[in-house]
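Chemist:
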Amino acid sequence: MNNQVTNLLFSFEADHMWINENLARLLEQYVDQWIAVKNGQVLASDPDLAGLLSKLPDPAHTCVEFITRESLEMVL
Amino acid sequence: MIIRGRFIGDAPYFAAHLRSAHFQGLVWLLADTGASRTTLLDRDRRLLGIPAEALEPALLPIVGIGGSVRSFLLGDVEITMASDEGDVASRQDLWLVQHDLGRLPPEEVSRILRLPSVLGRDLINRFNFMCDYQAGIVQLER
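These protein sequence lines map, in sequence, to chains A and B.
Our numbering puts the first residue of the first sequence at 1, with every later residue one more than the last.
Our numbering puts the first residue of the second sequence at 1001, with every later residue one more than the last.
1) How about residue 86 of chain A and residue 23 of chain A: are their beta carbons less than 7 Å apart?
2) Rounded to the nearest angstrom, what separates residue 1003 of chain B and residue 1069 of chain B at their Cα positions?
3) Could you check whether residue 1029 of chain B and residue 1119 of chain B sit closer than 7 Å to each other, using their CB atoms as the reference points?
4) Starting from residue 16 of chain A and walking both ways along the alpha helix (DSSP H), at which residues does that stretch end?
5) Since residue 1095 of chain B meets chain A, which of its residues come closer than 9 Å, beta carbon to beta carbon?
6) Excluding the five sequence neighbours on either side, which residues of its own chain have a C-beta within less than 7 Å of the C-beta of residue 33 of chain A, listed in chain order?
7) What's the call for residue 1071 of chain B, buried or exposed, on a 16-neighbour Cβ count within 10 Å?
8) In terms of residue numbering, what span does the beta strand (DSSP E) encompassing residue 1044 of chain B cover?
9) For chain A, check one thing: does any of its Cβ atoms lie closer than 7 Å to the Cβ of residue 1062 of chain B?
10) Of the residues B:1109, B:1082, B:1080, B:1136, which one's Cα is nearest the Cα of residue 1100 of chain B?
11) My output table needs one value for residue 33 of chain A: the three-state DSSP class, helix, strand or coil.
12) Specify, as a first and last residue, the run of the alpha helix (DSSP H) that residue 1006 of chain B falls within.
13) Once the 5 residues before and after residue 16 of chain A are set aside, which same chain residues still bring their CB inside 7 Å of it?
14) Is residue 72 of chain A close to chain B? Criterion is C-beta to C-beta, closer than 7 Å.
15) Please report how far the alpha carbon of residue 1041 of chain B lies from the alpha carbon of residue 1048 of chain B, in whole angstroms.
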């Protein structure tokens, strides 16, 4: 079984789930900011996405989400 | 072989790794059976650092809801997803749409950057797609 990318993907997925599960706490600390999460830890935050990316060594392999109380109805 | 997705709120997502001659990285794709093509949006272009030379003008128009967008093709991208049997990889062209963010107020830019890239029917339809929110199951199987 080839697991090279699978392990990366499971870790990336786990970070998205971690944000979802810890959203209430993250809202207290990072409201209206972009955050970068890896292995269940917030690596960096910034109100501006470009600002956040400038703080990350490897944004292409990092879970990045915007933390806000504003709900967004999406019709894609 | 089963590729399992996850629900964030009520929305089904899948993780994928993308690799081409110009970029590589991870994306968190909203499974969207309303989208004919798997399409990257503004945020993921920035996160993946996709350079201008990777973009080919799209020959077909992209029609969606709202906003002025420019559409591009990303040629020959390897897409890898995680299954219960390990990596599942395929190659195909992806689409990329870019909003004209320079003309929008900051709060609107922020909303657009929150939009996820989408996993479209071009990829979904290669599998048996199960999406059962009540049971908490979303998966691609073949």
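By construction, the Cβ of each residue, glycine as well, lies at the ideal position given by its N, Cα and C atoms.
Modeler: Quick look at the numbers:
1) This structure leaves residue 86 of chain A out entirely; chain A is present only between 1 and 76.
2) Translated into positions along the second sequence, residue 1003 of chain B becomes position 3. Translated into positions along the second sequence, residue 1069 of chain B becomes position 69. Straight-line Cα distance between these residues: approximately 31 Å.
3) Taking the first residue of the second sequence as 1, we reach residue 1119 of chain B at position 119. Taking the first residue of the second sequence as 1, we reach residue 1029 of chain B at position 29. In this structure, residue 1029 of chain B lies closer than 7 Å to residue 1119 of chain B by Cβ.
4) Along the first sequence, one-based indexing puts residue 16 of chain A at 16. In the DSSP assignment, residue 16 of chain A falls within the unbroken alpha helix (DSSP H) covering 4-21.
5) Numbered from its first residue, the second sequence carries residue 1095 of chain B at position 95. Against chain A, the beta carbon of residue 1095 of chain B has no neighbour under 9 Å; the closest one sits roughly 13 Å away.
6) Here residue 33 of chain A refers to the residue found at position 33 when the first sequence is read from its first residue. Cβ neighbours of residue 33 of chain A beyond the five flanking positions: 45, 46, 47, 67.
7) On the second sequence, position 71 is the one that residue 1071 of chain B refers to. By the neighbour-count criterion, in which a residue is buried when 16 or more other Cβ atoms sit within 10 angstroms of its Cβ, residue 1071 of chain B is buried.
8) Counting from 1 along the second sequence, the entry for residue 1044 of chain B is found at position 44. That residue, residue 1044 of chain B, is in no beta strand (DSSP E); its alpha helix (DSSP H) goes 1042-1048.
9) Locating residue 1062 of chain B in the second sequence gives position 62, where the first residue counts as 1. No, because no Cβ of chain A sits closer than 7 Å to the Cβ of residue 1062 of chain B.
10) Here residue 1100 of chain B refers to the residue found at position 100 when the second sequence is read from its first residue. Taking only the C-alpha atoms, the option nearest residue 1100 of chain B is B:1109.
11) In the first sequence, counting from the first residue as 1, residue 33 of chain A sits at position 33. Correct three-state label for residue 33 of chain A: strand.
12) Position 6 of the second sequence, counted from the first residue, corresponds to residue 1006 of chain B. Membership of residue 1006 of chain B in any alpha helix (DSSP H) is not indicated; the residue belongs instead to the beta strand (DSSP E) covering 1006-1008.
13) Indexing the first sequence from 1 puts residue 16 of chain A at position 16. Non-local beta-carbon contacts of residue 16 of chain A in its own chain, meaning distances under 7 Å to residues more than five positions away in sequence, involve 63 in chain order.
14) Numbered from 1 along the first sequence, position 72 holds the residue referred to as residue 72 of chain A. For residue 72 of chain A, the nearest CB of chain B lies under 7 Å from its own CB, placing it at the interface with that chain.
15) One-based indexing of the second sequence puts residue 1041 of chain B at position 41. One-based indexing of the second sequence puts residue 1048 of chain B at position 48. If I take the Cα positions, the gap works out to 11 Å.
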